[in-house]
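Single-structure report; data block below.
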Amino acid sequence: MRSDEIKKGLERIPHLALLYATGVSQKSMDKPFIGIASSFTDLVPGHINMRDIERAAEKGVHAGGGQSFVFGLPAICDGLAMGHNGMHYALPSRELIADTIESVAQAHCLDGLVLLTACDKITPGMLMAAARLNIPCIVVTMGPMMGGYNRMRRLSYVRDTWEVIVKKDVPQKEIEELCINACPGAGSCQGLYTANTMGCLTEVLGMSLEGCGTALAVSSKKKRIAYDSGIRIVELIKHNIKPRDIMTGDAFKNAIRVDNAIGGSSNTVLHLMAIAHECGHDFPIELFDEISRETPHIVSMEPAGDNLMEDLEYAGGMPAVLNRLKDKILPSNTVSLKNIKDIAKEGEVHDSEIIRPLDKPYHAEGGIAILRGNLAPDSAVVKQSGVSEKMRKFTGKAKVFNSEEETSKAIYEQKIKSGDVVVVRYEGPKGRPGMREMLAPTSAIVGMGLGDSVALITDGRFSGGTRGPCIGHISPEAAEGGPIAIVKDGDTIELDLDNRTLSLVISPEEMAKRLEAWKPKESKFKTGWLSRYGKLVTSAAKGAVLNS
Numbered sequence: 053m054r055s056d057e058i059k060k061g062l063e064r065i066p067h068l069a070l071l072y073a074t075g076v077s078q079k080s081m082d083k084p085f086i087g088i089a090s091s092f093t094d095l096v097p098g099h100i101n102m103r104d105i106e107r108a109a110e111k112g113v114h115a116g117g118g119q120s121f122v123f124g125l126p127a128i129c130d131g132l133a134m135g136h137n138g139m140h141y142a143l144p145s146r147e148l149i150a151d152t153i154e155s156v157a158q159a160h161c162l163d164g165l166v167l168l169t170a171c172d173k174i175t176p177g178m179l180m181a182a183a184r185l186n187i188p189c190i191v192v193t194m195g196p197m198m199g200g201y202n203r204m205r206r207l208s209y210v211r212d213t214w215e216v217i218v219k220k221d222v223p224q225k226e227i228e229e230l231c232i233n234a235c236p237g238a239g240s241c242q243g244l245y246t247a248n249t250m251g252c253l254t255e256v257l258g259m260s261l262e263g264c265g266t267a268l269a270v271s272s273k274k275k276r277i278a279y280d281s282g283i284r285i286v287e288l289i290k291h292n293i294k295p296r297d298i299m300t301g302d303a304f305k306n307a308i309r310v311d312n313a314i315g316g317s318s319n320t321v322l323h324l325m326a327i328a329h330e331c332g333h334d335f336p337i338e339l340f341d342e343i344s345r346e347t348p349h350i351v352s353m354e355p356a357g358d359n360l361m362e363d364l365e366y367a368g369g370m371p372a373v374l375n376r377l378k379d380k381i382l383p384s385n386t387v388s389l390k391n392i393k394d395i396a397k398e399g400e401v402h403d404s405e406i407i408r409p410l411d412k413p414y415h416a417e418g419g420i421a422i423l424r425g426n427l428a429p430d431s432a433v434v435k436q437s438g439v440s441e442k443m444r445k446f447t448g449k450a451k452v453f454n455s456e457e458e459t460s461k462a463i464y465e466q467k468i469k470s471g472d473v474v475v476v477r478y479e480g481p482k483g484r485p486g487m488r489e490m491l492a493p494t495s496a497i498v499g500m501g502l503g504d505s506v507a508l509i510t511d512g513r514f515s516g517g518t519r520g521p522c523i524g525h526i527s528p529e530a531a532e533g534g535p536i537a538i539v540k541d542g543d544t545i546e547l548d549l550d551n552r553t554l555s556l557v558i559s560p561e562e563m564a565k566r567l568e569a570w571k572p573k574e575s576k577f578k579t580g581w582l583s584r585y586g587k588l589v590t591s592a593a594k595g596a597v598l599n600s
């Protein structure tokens with residue numbers, strides 16, 4: 053075992069003394085040492101019940117014949133970080149989480165890991181660490197929050213908070229009730245936003261037990277999954293089954309297919325590419341588009357649809373979705389010690405409206421589309437399942453802003469009108485840096501009733517809760533001198549989702565002239581972690597990973 057490095061041999065007497073100081077018994081010294089990486093915090097709803105899940109996982113590890121050690125990791129809530137400087141730290145925290153797990157596991161020679169996670173950047177960060185370390189690992193995602201209720205109306209976080217802000221006719225008493233009741237307790241926000249999308253895709257990648265992705269955070273089922281995961285990690289160590297044995301190229305293709313079928317968050321493009329990079333699979337971003345074109349969109353969840361994660365759970369969860377796609381799913385191993393094809397065969401659909409048949413989809417194509425054009429030479433990403441038919445082809449006049457704050461101010465002051473294309477730049481991975489989410493401006497546009505007449509494009513990214521014609525991840529970004537940096541107020545911009553194009557309507561000569569005159573802006577952060585991050589981070593088209 054890897055842990056023999058710190059517990060076997062005469063020269064390890066000092067190490068043993070320290071291990072005994074933690075309370076490990078003599079008999080347990082011969083057992084596999086299992087790290088339980090917990091992102092528990094009182095600050096983030098998705099993580100507040102993780103102490104219970106830690107206990108369940110510990111019990112499972114001990115029942116399976118291992119010795120557990122819990123260690124902590126940071127967790128940032130994108131909702132709390134949204135709309136201010138805090139959001140600069142959200143995406144970079146993914147790298148910190150991966151680095152921290154690597155550091156603890158390597159420094160203490162752990163034999164395997166149970167990774168307890170929930171929210172947006174924590175899950176991909178943990179999967180990146182698992183791939184990098186390539187020691188036996190299993191992931192337990194905490195699962196979705198229950199829907200809120202107010203006066204017998206079911207509520208969800210984005211629609212009943214962010215989209216309400218700009219509405220003028222909502223009484224103060226109702227606003228207070230929405231604040232109190234929209235998020236009733238523990239779990240990742242109720243829609244198919246980034247956290248829940250990544251929970252689902254972790255299961256499809258094969259890194260969590262079947263049923264984990266949609267099992268509700270407050271359910272006893274989640275505790276049982278954590279317990280079983282504790283047992284299973286010891287089995288994975290005995291059989292030497294490692295993350296790269298599971299997260300193969302075919303496993304990533306399956307995850308991309310399911311992502312498109314369920315209409316998941318556009319952030320998964322960044323995260324799946326980053327995880328794949330750690331596994332040694334550097335696939336082109338066009339793979340998302342290729343799979344999207346041949347994968348029907350069969351699950352319509354909030355924000356684009358009206359169903360919540362609890363509905364998907366009761367309809368059969370990921371095994372049921374895999375069952376619909378079983379003829380398109382590629383063979384791949386899982387931590388369940390079953391092939392994903394077998395899980396797909398065994399899945400049962402309990403509601404054919406929530407998980408539709410392939411011949412009765414919500415849309416003929418999947419949720420994600422990759423665009424190119426003279427405005428996005430390297431690529432741009434849109435969640436097309438959230439775009440109305442009317443806005444799939446759109447031409448408008450640019451209104452340009454150099455930050456999210458400028459954009460939100462203009463929207464709240466009602467300076468954005470029908471026919472505008474809102475351009476938000478210098479919000480890419482390098483530009484500010486950190487690639488902030490744009491949930492505040494996008495929700496405001498929808499809340500004002502402009503979702504079918506205004507487009508928003510940015511080199512930043514969007515919350516999984518965003519809907520409407522919002523194109524993000526424009527690469528190269530403005531901070532690197534990409535064409536988005538030279539757009540001017542009043543320029544004509546054309547969007548065509550069917551042909552996958554995003555174009556600035558100016559002559560090549562005019563574009564060349566503007567690019568030659570462009571000068572880079574100084575970074576907002578001159579010291580600290582974000583200063584280093586801005587110097588090392590790569591393009592969104594490559595997953596915004598760090599240069600090694």
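Using my numbering, read the sequence shown as starting at 53 and increasing by one per residue. A virtual CB, placed ideally from N, CA and C, is assigned to each residue, including glycine. A quick note: this is a predicted structure, and the numbers were derived from the prediction, not measured.
- Beta bridge pairing from DSSP links C189 with L165.
- Taking C-beta atoms as the reference points, M194 and I153 fail to come closer than 8 Å.
- Apart from sequence neighbours up to five positions away, the residues of its chain that approach H323 with a beta-carbon distance below 7 Å are P176 and M250, ordered along the chain.
- Taking each of I327, S583 and P535 in turn and checking the Cα distance to E562, the smallest one comes out for P535.
- Contact between G520 and G243 is absent: CB atoms are separated by about 15 Å, not below the 8 Å threshold.
- A distance of 8 Å or more separates the beta carbons of D363 and G112.
- DSSP places N312 in the uninterrupted alpha helix (DSSP H) bounded by G301 to I314.
- By the CB criterion at 8 Å, L423 and T553 fall inside the cutoff.
- Look at the stretch 483-537 and you find these whole runs of beta strand (DSSP E), each 3 residues long or longer: 507-510 and 522-527.
- Y201 sits in a strand when the DSSP states are folded into three classes.
- Distances from the alpha-carbon of D379 to those of G368, I392, T386 and G369 put I392 closest.
- For G87, the enclosing beta strand (DSSP E) has its first and last residue at F85 to S90.
- The stretch 408-446 is shown to contain whole beta strand (DSSP E) runs of 3 or more residues at 420-425 and 428-435, in chain order.
- Close CB contacts of W570 within its chain, under the 8 Å cut and outside five residues either way in sequence, are with G533, A537 and I538 (chain order).
- Counting along the chain, the unbroken beta strand (DSSP E) around S555 starts and ends at T553 to L556.
- Contact check for D311 against K451 fails: the beta carbons are separated by 8 Å or more.
- Comparing alpha-carbon positions, the option among R211, L549 and I190 lying closest to G200 turns out to be R211.
- Of A496, T266 and H349, the smallest CA-CA separation from P409 is found for H349.
- R203 counts as exposed, since fewer than 16 other beta carbons sit within 10 angstroms of its beta carbon.
- Counting other Cβ atoms within 10 Å of its Cβ, R345 stays below 16 and is therefore classed as exposed.
- Separation of K59 and A115 (C-alpha to C-alpha, rounded to the nearest whole angstrom) is 22 Å.
- For R184, the three-state secondary structure derived from DSSP is helix.
- I289: member of the alpha helix (DSSP H) spanning S272 to K290, first to last residue.
- Under DSSP, A450 takes part in a beta bridge, and its partners are V473.
- The straight-line gap separating the alpha-carbon atoms of K225 and L207 is approximately 16 Å.
- Residue environment for N292: exposed (fewer than 16 other C-beta atoms within 10 angstroms of its C-beta).
- Note on geometry: alpha-carbon atoms of V256 and G418 lie some 16 Å from one another.
- The stretch 218-232 makes no contact with the stretch 331-340, as fewer than three CB pairs between them are under 8 Å.
- DSSP, reduced to helix, strand and coil, places S145 within a helical segment of the structure shown.
- When G369, R54 and L547 are compared, the shortest CA-CA separation from L427 is found for L547.
- Comparing C-alpha distances from E110 to each of A307, S90, V96 and L261 shows the shortest one belongs to S90.
- Assigned with DSSP and collapsed to three states, H67 falls in helix.
- A straight line joining the alpha-carbon of L132 with that of E457 spans about 16 Å.
- Between P528 and D430, the gap from beta carbon to beta carbon is short of 8 Å.
- Secondary structure at N359: strand, using DSSP grouped into helix, strand and coil.
- Remark: C-beta atoms of A150 and R184 approach each other more closely than 8 Å.
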